[in-house]
Structures are given as structure tokens and as C-alpha cells.
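*Asks:* Mapped onto the UniProt record's numbering, the consecutive letters of the sequence shown carry residue numbers 1 to 1127.
C-beta atoms are modelled at their ideal positions from N, C-alpha and C, and glycine is treated no differently.
Have a look at this one before I ask anything.
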Amino acid sequence: MLRCRLQVGRAPFDLQRSGFGSSVALLSVAAVQLDCGAPQQSVPTCVQNSCSLQFPMAPMVYECPVMFPKADDHPKTCSSKQFVCKDQVTCISKGWRCDGEKDCPDGSDESPDICSHSKVNQCLVNEHGCLDPEVCIPMSKLCDGVPDCTDGWDEGPHCREQAPACTAQKCQFNCSVTHDGPRCYCLAGYEVAADGRTCKDFNECNVYGTCSQTCTNTEGSYTCSCVEGYLLQPDNRSCKAKNEPVDRLPMLLIANLHDIRCTTLSGSLSRLHAITTKQTMAMDFIYADETVCWIDVGETPAATHLKCASIPDLKSVTNIRTINITLSLHHVEQMAIDWLTKNFYFVDDVDDRVFVCNKDGQTCVTLLDQDLYNPKGIALDPAMGKVFFTDYGSTPRVERCDMDGQNRTKLVDTKIVFPHGITLDLVNRLVYWADAYLDYIEVVDYEGKNRHTIIQGLLIEHLYGLTVFENYLYATNSDEGNLNPKTSVIRVNRFNSSDFQVVTRVDRGAALHVYHQRRQPQVRSHACALDQFGKAGGCSDICLLSNSHKTRTCRCRSGFSLGSDGKSCKKPDHELFLVYGKGRPGIIRGMDMNAKVPDEYMIPIENLMNPRALDFHAASEFIYFADATSYIIGRQKIDGTERDTILKEGIHTVEGIAVDWMGGNLYWTDDGPKKTISVARLEKASQTRKTLIEGKMSHPRAIVVDPQHGWMYWTDWEEDPTESNRGKIKKAWMDGSHHQIFLTSKTVLWPNGLSLDIPQGILYWVDAYYDRIEMVYLNTTERKVVYEGQELNHAFGLCHYKQFLFWNEYRGGSIYKLDQLSKTVTLLRNERPPIFEIRVYDAHQQQGSNTCRVNNGGCSSLCLAIPDGRSCGCADDQILDADNVTCKANPSYVPPPKCQPGEFACKNNRCIQERWKCDGDNDCLDNSDEGPELCHQHTCPADRFKCQNNRCIPLRWLCDGDNDCGNDEDESNTTCSARTCPPNQYPCASGRCIPISWTCDLDDDCGDRSDEPDSCAYPTCFPLTQFTCANGRCININWRCDNDNDCGDNSDEAGCSHSCSSVQFKCNSGRCIPEYWTCDGDNDCGDYSDETHANCTNQATRPPGGCHVDEFQCRMDSLCIPMRWQL
């Protein structure tokens, strides 16, 4: 077994940043042991942050840690598609440059010298922008003699020079002079028409936040109103929800580490006692039923349950009950309840799917499982028939679909990194979401338009749950990351972000909801209402609302198909579907042989690691599978029942399995140390297993059997493409005898998948090295290429049905269908790789008869088909009796040595590398390699630290904030208290040493926040708009690197490389001023260089404090103006 040891960093969500969009959450474990399933002499390589072994049996690929630089690590090299911020550290997408939002910490992506021709005007009607694009002033204040812009942009010589042009403009209301010339403006409530002169009514209702609900535009004004159930407030803009009954106040339900608690909207505890839970993240309620539901997360999938409780009048908690869900909830992070149908919607961020279950949990169907890479949040609008969800994936986004999974639409996919919490304003049809990386809450409408930022910055760092009620958004805010489990519950006015407050604090807050009837409005009737037979929407199994509450879609439970009436579910006479296995996460799924058919053919086999091999037994409806990481062979019925491990002893790296449906046997290849092909009975497999072939193979992989003719075929791949190394397809009788090479050539190296068409006598295979599918006739060995198109890249599994071939791509995660007649290739599905074996579950392929079919061929144990007959066989520790049909114990049987030289024999019969013994890792899986009787005298080299569990770690890993020993011993006070730090490093209270530059930088580098004490100046500065001086002073972030000592200690100018834009003048001091400030008689540079340079014609004759001969000096302020300005 090959092991890749990965040193990893902080806890999940403690994100190291190197520019927006480039971050990773690292696992909070000290080391990860990976079974790459490759020859021991192979060495993993890290390419594009993945540990990959490039071999045909499908390389195991695991994420390698990506180390991100601290802010003082520069310069930064950005890709050609990125923009380098002025700080030379941050990289952002080029598409974010000059878009009106400051994405660089220093705002350099929006600086005037870069965006002089693309500045986005964000000013309201009848306003004008200053040089700073974020500052707007009324147009009536332009050229009024008072500098209203901080940069004085609204006043200057242009006011006099262009004043006459305003008269010629013939504005209907009034005119102001701008640097671009005269511009008309209008009275409040009106805007300039397309002709640039006349005024027309301005529709204030198009501006976000004008009214909290309904807005009606009128001539020159507007009126606000509220929908039924709300009351207009004295401000004539806000709406307040009615309480019915009056004393039923809105309350907050907050899920956290230990319970679900109920508080008022101001954070005061209610009379409802907290509901004890286990690690709950997902929670929702049904107001009409006075019910709250949540997921208790156990240590195993079997211990994870959906629970519900009644909360009558919010006075007591009664009737706590478990809803048995047919699919695993172990990786469900968020849920939402359709309060009209009572269906449960779940997002699974490990299995990458959105699925829905009916109210009793007995029927669950997958809603979405394609093009999902890390779905996180979910919200419902049943009246509109819409599901909204967030996805972290390779392209993070906010999406929408109908409640039956149809009409999927992307709403947001730009300027978004880690979208998490999501909530809906059901009245205005707005979608709010929180980005846990960019630290903002934003909003769009249901169509993805009219995007608006509600709040951004340190105040809302690490948002998780999100909900909206009346004018306020409520969120759980992990303001100190995961290092401190205390979480803030915050409230922010969605129309005025300065109205912000912390409501309460809880232990690791997760989902939260406002419990009020207006959050779940009812409808008079809906399409999934019960019919006269008590069926929801008349559906046999589950009714899903469609694109509104007036339409519905019926779906069927696993193994059933929807009838022609669109309501009834029927068991098909002939089960026919594709079944395939995949890793990360390990799961076996069924799917239709055509694209976009939603039927659920089987309950997925979940909670696996690497299900590399599988086959089926149609008569018993079992799927048999091998997990190459857990070292087991197991089975489960397609209806999700009778999950069982049938073999676990002596299993190494099983690469292929095949069911002998006539003899009731299971064959498998094992690419472990001994290179074997074995067989066992489907029932009582552990007592009947027999090794048929041992050795004589390089890497046995796929296997198929032909019990009708008594032959089995398997692939044997080679590692290197040399003349002597050629891959082979081999065959033997099904009792292991007559072992021979069936086919080999110089164009066969990595034969991977096999598929046998017994009636036609054709064997198909796919070669992962030469990327081609070939076929051979069994009777003539005539061979030809079937397909070698560009879709073939690293094919793993292969199967057939009639003229169709199906294969999957290990690295790409794609499943393809090939029509051999038309040569048409269809992409059926894209999964997150890796993807393994694939089979057509077709009972018609498992027909026919042989000698073993009846009465097991008379054999007492194994009946093994051979050409024109059968051979009885026995388990490895038995022999045939004289009658050649009965098995008896073999008295001379000596178990073969289980392990090779250099290996350690575990108590469970596994073999591991001798050097892995007593290293603190449970490599045997039964801990027998780490037992105290074995390891009590174990020592570590001088440059390593010995943990109590015998693990040896480098001394440099001590007191670094990472739990490398696994029991925190290397980070304990005892270990770290005596440690001293070098002069250029800061000693944390925990004993850890960090660079001094990491202190007071908003990151908890010590792990105990001792590098971020209260004396740090940063809490008073807002990082997105302010710069923190070394002396603790806060200044405008745009003042950084402007050659002015705004901090007072010059720290805002430290490390700056100064350059002025084409519309600026560079003073001798290095300061940049507007070009038009030169030669105007004012000492704008501070050193008179703007008044004494070569372009000033009268600089010699103008005395300090005086004016030129062609200028007039004002009495009030001594300002010099041209003589021509005098009346």
C-alpha cells in the first residue's frame, strides 16, 4: 500500500487567502493515510494540487495542501487572466477590474489611472460623481463656490469657462457645469429625458429599498403599500407583519452545537425550552403544524437521523420522533421543508446532490445530481414552485430550479466564491445570499437581475445561516472562525446596513429561521393536495410541486417507473438500467440508459470509499461490490435492503468481480501481493472461498464469466510500454484450469473494462493507454477497432446492451453511450471523478442453463462450470472426497504465509509494510500494529518527537498549531511552555512561534488569539475602506501610497512605488495632483513645484502670496483669478 502523508493546516473554514477566488479549507487532521492502490515501488506526484498515480487501473487522486502567502509575501505572480493589485500580493479576475466595486484591498482595481474611461456611475438621478467614484453630490451643488467633493472636483476654472454653455443648453429645469460640459437636471422625482434637456417622471420603484414591499410610481413621486398580512408603518415605507393571534410574536429558531434554542428577535430567551440535539447544522419548521425538524449528526451514517418535534404555542416540546429516510443524511448540511406538501428537501455537499423525501421519509428521489460540486444552502418558494440553492463548485453560483428539478437556471456566477446561507423575500421575490469568503450579503431578484450589495466587511465574516423578516436580515456569524466555537447571531437592516447589531451568541450557530406565519404563507389549494383516496396529488409515491403551486409532478420510488397516466408507479417487467461506482465520495448509483430520465432505479449504495468493482445478480436483485480501500466485498439489494459484507478476510486490492448466475458463485481478481483469481459461493462466501489462479499475472483487473460455455476472461495490464511488456486478455476454464493467453499485441497495454456478449460470441474491451474500444470474436479471434474518438481519455469500465456500448472516463467523471450502428456518441452524465466500473443491469443477460443450474450440479460446495460439464470444488482448507462431489477437511492443509518479507502480519490477516508498525497510524484497521505490547520500546530518531501513540513527527511540527500527534500532545502547554522563539518571531501564549509580521493582522495564527490581543489597532478600522496605520490610526484606504503622511508616522507610504496617471502632475515630493491644479497660484504640492515648473509661463514674476499682472486677487481668501472673470 502506498501512503501519501499530507501535512495540513487549520480547521475547516479557516481560509488562507491569496486574492479572491484562490483559497482552500484544509482538513483539521495531522496526517492523512491514502491507499493509492498502486505497486509499492510507485511514487506519487503532485500535479495541479493533486496526488496522482498514473496507472491504468485508475489512479487514486487526492487533494494536496495548497499553501497561500501571508500579506507580506510579495511580489505575487498572477495568471494571464488575473489583475495584480497595487499591493503586489492580491490577484483578482480581470473581469472585476473597473466594474465599480473595489475588489483589491487597496482599491487599485478602480483607480482613476486604470479606469479613466470606464468609471461606473453609481450616482442616483440628479446627482453627479466626484473624482472618487463612490462619492456623489446633488447637481445643484456643482460650481456653487463651495467644494462639496473631498477632492474639490466640483469646483474649478471650468465653472467659469463653461458657464455660458449652460444657457445654450436650454434645459427645462436647470443646468450645471461639469468637467464634461453642461448637463441638465430636474426636480426631485423627475429625470432628464433622452433628449438631454426635458424632464420626465423618474420611477423610484426601480431603486432597491424605496419601499419594503409594494411600490407604486406616481407622477414625480411614489407611494408604498403592504401585502395582506402586513401593516404600513408611520415612515410610509416599511411593513410590519401582523401577529395572529396578537400575542404570537415572531421568534428566532437557532440551531447550534448542542441544541435548538428559541429567542425573541432581540435575542431574549423565550419560554420554550431548548431542544437537545447532536451536532445539528440543518433545521427547518412547519408553522401550520407547529413542528420543527432537524438532523442529528452521529459519528456514523447509521447514527445520523432526521427528527421532528411538536412545539405547541411555543410553550413546550412534545412528540419528538425520528423520520426514517431511505437515503443517507450523514453529509446533509442544509435542509428546507415545503410547508405546503410537507416534503423535505436536502442538499448533500459530499455526494453532491439535492434530493427530496415525502413527509414520512419512505420515498426519496434525487432532484439534481449533475454539475453540482459542493451544494451548500437551500431555500424554497412553494407558491412559485421554486427551489434556490448555492454551490461552491469550480464555478461558484446561486441557482434556481422548479421544485421538481426542472428548468434549472443560473442566477449568479460572477463575483462569488463561497456562497453559503440563502434566504428569500417571498413578497418581493428577492434572493439574498451570504458569501463566507468575500464576506458580503447580496441580493438579486428571482431572475438573477438587479444585483445589490447589502453589507460587506469584517462585521459579517464567515456567515453560515441566513433568514429575512420584515426589514431585517438575521444570520449566524462565526466572527472568530472555527477556533472559537462561540458564534454571533447578527441582525442587519437590509435597506440601511449601518443599522447592525449582535442579537445573541451561541455555540457554533448553524441554520436559523424566523418562526412566524408570514414566513410560510398558505395558498387556497395546491396541486399536491390529498385526493379522495388520500394520495398527494393523486400520485402513487411522491408528489412534487412543479413551476407553481398549481402544477405538480409525480415521481416514483426506487425500482418503479411512472405509468402513462403520470400518477401511478409500476414495477417494470424487465429491470434495465446502468449501475456504476464512483469515489470521493464512494457511492454506487443506478441511472437510465438515456440522458435526462429521472426514474430512480435503485437505492444508492452509500458510505463506501473506492467501489472499484461491481456486478449484479438479477435473480436475487443484489448488487455485489468490492471496496478497494476498506478491503471488503459486499452486497446490497437494489431496493436498499440487506446490506452485507460477505468477505473481508484476505481481501487486498480487488479490481474486478463477476457473478456466475448459473452456479451461484462470485469470481474476483485481486491485484494484491499474490495476484490471484478466486471464487466463492454467493451465499456463505467466507466458508467456500477458493483460490483458482495465483501468480503468473502482472496486474489482473476486469473479469467476466461465460457459465454457459464454462470459460472466464480477464484483463492483465502492464505498467510500461516496452516491446517485452504487453497487456493481455487471458482466459481459463471456470475451475481455474487451462489458464492461457487469449489475446495480446503491441497495441494492448492497459486493457481495462471488459464486456461479454454471450449470444453473439463477442468480447469487448477498452484500452486506457491507447484510448480505444476493440472487439474480438471468441470463435475466430478476429479482432477490430470499434471506436477511438476524442471522448476516450482514460476509460475504466465498459458494458453493452444490444448495439450500444457504455463506458466511463475515470479522470473526467463522464459516462458515454456509443451506438455501434450510427457511430453516434452521447454524453449521458458527468460526475465528480474518479469513476469506476459500470454494468448494464439486465436480467435478460443472465439467462440460460448449465449443469450447475440444477441442484448445484450435485456438488456439496462449489459447482464450477467447464466446457461441456462441471467440476466440483472446495474451499482452500478442504479437499474433495473420493466421490469428487463432497468436500471434507484437509488434514494436511497448512495455511500459506500471509505476508511477504518486509511485511507485518496483522491479527486480521492483513499485511502492511514493516516500517508502518508502531508509527501511530492504524494501518491494520484493527490497531494490532499499534498495540502497547508491540510498541512499548519503540523509539524515534533524534530529529523527531515521539508522541504517546508512538507516532514520530519532525521537531519543527511542535507547537505549530496543528494536531500532528492526533491527541494534541505536540500542542499541549507541557510540550510548548519551555519553548523559546528566535528574535524575529513572536512567542504565542500556546508556545508556538510565528513571524512578528503576523501579529495584529486579523488572522489567529497562534491558535489561541494571543497574536491578536485587544491592544491591536485593527478593530477600530474597517478593512475594506480603511487603512490601519502602524500607530493604530485609521485613514481612508485611498490615502495609501498618495505621498501624503496621513498616518503621522508615514506608515501609509511605506513600501509604495509612486507613479502618477496621465491626467495627473507629479510633484518633486512625489505627490500626485490633478494636472489642472498646476500654475494656478496655489501651492498644491507643498513645495511649490506645481507653480515653478517649466510649463508655468509667469512663474518668475508672481511673488509668493501675490498674483500675476493678468490676474485679480480676491480680498476674502487672496485667491488669484484671471482678470477676464471680472464683471
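Distance, Cα to Cα, C149 vs H179?
*Replies:* Looking at the two C-alpha atoms, the distance is approximately 13 Å.
*Asks:* Report the option in G267, D919, M251, G421 whose CA atom is closest to the CA atom of Q948.
*Replies:* If we check each option's Cα against that of Q948, D919 comes out closest.
*Asks:* Can you tell me which of the three DSSP states H158 falls into?
*Replies:* The answer is helix: DSSP assigns H158 an H, G or I state.
*Asks:* Measuring only the C-alpha atoms, how far is K449 from G563?
*Replies:* Approximately 39 Å, taken between the alpha carbons.
*Asks:* Report the partner residues of residue 1216 according to the DSSP bridge assignment.
*Replies:* In the structure displayed, the chain extends from 1 to 1127; residue 1216 sits before or after that span and is not available.
*Asks:* In terms of alpha-carbon separation, which member of P751, D670, V659 lies closest to M712?
*Replies:* When only C-alpha atoms are compared, the closest one is V659.
*Asks:* How about the stretch 204-212 and the stretch 169-187: do they share at least three Cβ pairs that are nearer than 8 Å?
*Replies:* Because the criterion of three Cβ pairs below 8 Å is not met, the stretch 204-212 and the stretch 169-187 do not touch.
*Asks:* Among all the DSSP beta bridges, which residues are the ones paired with Q790?
*Replies:* Answer by DSSP bridge pairing: none, since Q790 is not bridged.
*Asks:* Quick one: grab the DSSP three-state call for T223.
*Replies:* If DSSP states are grouped into helix, strand and coil, T223 belongs with the strands.
*Asks:* If you follow the alpha helix (DSSP H) that P164 is in, where does it begin and where does it stop?
*Replies:* Where P164 is concerned, the enclosing alpha helix (DSSP H) stretches over 163-169.
*Asks:* Evaluate the contact criterion for the stretch 549-567 versus the stretch 413-430: three or more CB pairs, one atom per stretch, below 8 Å.
*Replies:* Output reads no: the stretch 413-430 does not touch the stretch 549-567.
*Asks:* Could I get the ranges of all uninterrupted beta strand (DSSP E) runs contained in the stretch 729-796, with 3 residues as the minimum, in chain order?
*Replies:* Fully enclosed beta strand (DSSP E) runs of 3 or longer: 740-744, 751-757, 762-767, 772-777, 783-787.
*Asks:* Counting pairs of Cβ atoms below 8 Å between the stretch 326-338 and the stretch 277-285, do you hit three or more?
*Replies:* Yes, they touch.
*Asks:* Could you give the DSSP three-state label for D73: helix, strand or coil?
*Replies:* Here the model assigns D73 a pLDDT of 41, short of 50, so the residue's position is not dependable, and the following value carries that caveat. Looking at D73 - three-state DSSP - the assignment turns out to be coil, as it is neither helix nor strand.
*Asks:* Compute the Euclidean distance between the alpha carbons of V654 and E837, then round it to the nearest angstrom.
*Replies:* Computed Cα separation, rounded: 12 Å.
*Asks:* Kindly examine the ligand MG and report whether one of its heavy atoms sits closer than 7 Å to the Cβ of R505.
*Replies:* Because no ligand of any kind appears in the structure shown, any question about the ligand MG cannot be addressed here.
*Asks:* In angstroms with no decimal places, state the Cα-to-Cα distance between E969 and T975.
*Replies:* Those two C-alpha atoms are separated by around 7 Å.
*Asks:* Would you report the Cα separation of Q520 and V207, rounded to the nearest angstrom?
*Replies:* Their Cα atoms are separated by approximately 27 Å.
*Asks:* On the DSSP bridge assignment, give the partners of L578 in chain order.
*Replies:* Paired residue(s): M591, V840.
*Asks:* Could you give the residue range of the alpha helix (DSSP H) that holds Q913?
*Replies:* Looking at the DSSP string, Q913 is not in any alpha helix (DSSP H); the run it does join, the beta strand (DSSP E), is 911-913.
*Asks:* Span of the beta strand (DSSP E) holding A685?
*Replies:* From DSSP, A685 is part of no beta strand (DSSP E) but of the alpha helix (DSSP H) over 685-688.
*Asks:* What is the DSSP secondary structure of G869, counted as helix, strand or coil?
*Replies:* G869 falls in the strand class under three-state DSSP.
*Asks:* Tell me whether the stretch 797-808 and the stretch 624-634 touch, counting them as touching only if at least three CB pairs, one residue from each stretch, are closer than 8 Å.
*Replies:* Output reads no: the stretch 624-634 does not touch the stretch 797-808.
*Asks:* Taking only three categories from DSSP, how would you classify C1034?
*Replies:* In this structure, C1034 counts as strand in the three-state DSSP scheme.
*Asks:* Going along the chain, which residues of its own chain have a beta-carbon closer than 6 Å to the beta-carbon of C556, five neighbours each way excluded?
*Replies:* Cβ within range, chain order: D541, L562, C569.
*Asks:* Can the beta-carbon of I703 be found closer than 8 Å to that of G656?
*Replies:* For I703 and G656, yes; Cβs fall inside 8 Å.
*Asks:* State the Cα-Cα distance for the pair residue 1173 and R584, rounded to the nearest angstrom.
*Replies:* There is simply no residue 1173 to check, as the chain begins at 1 and stops at 1127 in what is shown.
*Asks:* Jot down the residue ranges of each uninterrupted beta strand (DSSP E) in the stretch 869-908, minimum 3 residues, whole runs only, in chain order.
*Replies:* Correct list: 869-873, 878-880, 887-889, 903-905.
*Asks:* I'd like to confirm the pairing. Which residues does DSSP put opposite E694 in its beta bridges?
*Replies:* E694 is bridged to T676.
*Asks:* Find out if the Cβ-Cβ distance for the pair V840, A795 is shorter than 8 Å.
*Replies:* Cβ distance not < 8 Å, so V840 and A795 don't count as in contact.
*Asks:* Classify residue 1158 as helix, strand or coil using the three-state DSSP reduction.
*Replies:* This structure cannot speak to residue 1158, because the chain is shown only from 1 to 1127.
*Asks:* By DSSP's criteria, H702 is part of a beta bridge. Which residues make up the other side?
*Replies:* According to the sequence displayed, residue 702 carries Ala and not His. Per DSSP, none; premise fails for A702.
*Asks:* As a quick exercise: from A302, T341, C872, pick the residue whose alpha carbon is nearest that of L530.
*Replies:* Checking every option, the nearest Cα to that of L530 belongs to T341.
*Asks:* Report the residue from Q900, E903, N884, D876 whose alpha carbon sits nearest the alpha carbon of P891.
*Replies:* Among Q900, E903, N884, D876, the Cα nearest to that of P891 belongs to D876.
*Asks:* Please give me, in chain order, every unbroken run of the beta strand (DSSP E) with length at least 3 that falls completely inside the stretch 906-974.
*Replies:* List check, beta strand (DSSP E) in window: 911-913, 944-946, 952-954.
*Asks:* Please state if the CB of P759 and the CB of V911 are separated by a distance shorter than 8 Å.
*Replies:* It should be pointed out that residue 911 corresponds to Cys in this sequence rather than to Val. It is not a contact, given that the beta carbons lie outside the stated cut-off.
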